[in-house]
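Asks: First residue of the sequence shown: 1254, per our numbering; consecutive thereafter.
Even for Gly, the Cβ is constructed at its ideal location relative to N, Cα and C.
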Amino acid sequence: MVNRPQLTYAAARLALDAAVAEAERIGGAFNVAVADTGGVLLAFARMDGAFAESGAIARDKAWTVASFAGLPSRALYEAIEAEPAVRDGIGGRDRVAAFGGGVPIRIDGALAGAVGASGGSAAQDEQVAQAGADAVIAAYESVAKEGRS
1254 MVNRPQLTYA
1264 AARLALDAAV
1274 AEAERIGGAF
1284 NVAVADTGGV
1294 LLAFARMDGA
1304 FAESGAIARD
1314 KAWTVASFAG
1324 LPSRALYEAI
1334 EAEPAVRDGI
1344 GGRDRVAAFG
1354 GGVPIRIDGA
1364 LAGAVGASGG
1374 SAAQDEQVAQ
1384 AGADAVIAAY
1394 ESVAKEGRS
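#1: Is it the case that the Cβ atoms of Leu1294 and Ala1303 are separated by a distance below 8 Å?
#2: Over the uninterrupted alpha helix (DSSP H) stretch that includes Ala1309, give me the two end residues.
#3: Which residue marks the beginning of the alpha helix (DSSP H) containing Arg1266, and which one marks its end?
#4: Just to confirm, is the Cβ distance from Gly1385 to Ala1271 under 8 Å?
#5: Residues bridged to Ala1367 by DSSP?
#6: With a cut-off of 8 Å on the beta carbons, I'd call Gly1355 and Ala1315 a contact; round off their distance for me.
#7: What span of residues does the beta strand (DSSP E) with Arg1299 cover, start to end?
#8: Can you tell me the Cα-Cα spacing of Pro1325 and Gly1291, whole angstroms?
#9: Between the segment 1387-1396 and the segment 1323-1339, can you find at least three pairs of beta-carbon atoms closer than 8 Å?
#10: Once the 5 residues before and after Phe1321 are set aside, which same chain residues still bring their CB inside 8 Å of it?
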């Protein structure tokens, strides 16, 4: 049996709220999705003014990260871009979003979930998603530190 961290709904909401706060800070209208390690949606937000279709893209980015063992969606693209057959084969699969904006949430090095964001450039999407992941990691580290005190 493998013992790995599981993202709770409360942690997913924390990620969602932090990602939305970052999106507001940079002045964008984003969709943000938080998924568990199986790519199952735990929390989702569509900010006012965000394109409806980018909601599916945000969900797919989170799913892609979870499905590829925590590989960020940008890193997946970088891994496949040089080989057209691989790029087309993987990139052409349903739900695979091989471009920036999907990031893992890792707790003690283990994949706990993923955040996907869509609504800006690939770099902005990644920035928004990373803010969500960072909030969960910081909260976990704070609780773990208190437990060691």
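Replies: To lay it out plainly:
#1: Numbered from its first residue, the sequence shown carries residue 1294 at position 41. Numbered from its first residue, the sequence shown carries residue 1303 at position 50. Going by C-beta atoms, Leu1294 is not nearer than 8 Å to Ala1303.
#2: The residue labelled residue 1309 in the question sits at position 56 within the sequence shown. Boundaries of the alpha helix (DSSP H) around Ala1309: 1306-1320.
#3: Here residue 1266 refers to the residue found at position 13 of the sequence shown. Per DSSP, Arg1266 belongs to the alpha helix (DSSP H) from 1262-1279.
#4: Along the sequence shown, read from residue 1 onward, the residue named residue 1385 stands at position 132. Along the sequence shown, read from residue 1 onward, the residue named residue 1271 stands at position 18. The Cβ-Cβ distance between Gly1385 and Ala1271 falls below 8 Å.
#5: The count along the sequence shown starts at 1 and reaches residue 1367 at position 114. Its beta-bridge partners are Ala1288, Pro1357.
#6: Translated into positions along the sequence shown, residue 1355 becomes position 102. Translated into positions along the sequence shown, residue 1315 becomes position 62. Yes, Gly1355 and Ala1315 are in contact; Cβ-Cβ is about 6 Å, under 8 Å.
#7: In the sequence shown, counting from the first residue as 1, residue 1299 sits at position 46. For Arg1299, the enclosing beta strand (DSSP E) stretches over residues 1294-1299.
#8: In the sequence shown, residue 1325 corresponds to position 72, counting from 1. In the sequence shown, residue 1291 corresponds to position 38, counting from 1. When rounded, the distance between both Cα atoms is 15 Å.
#9: no
#10: Translated into positions along the sequence shown, residue 1321 becomes position 68. Cβ within range, chain order: Leu1329.
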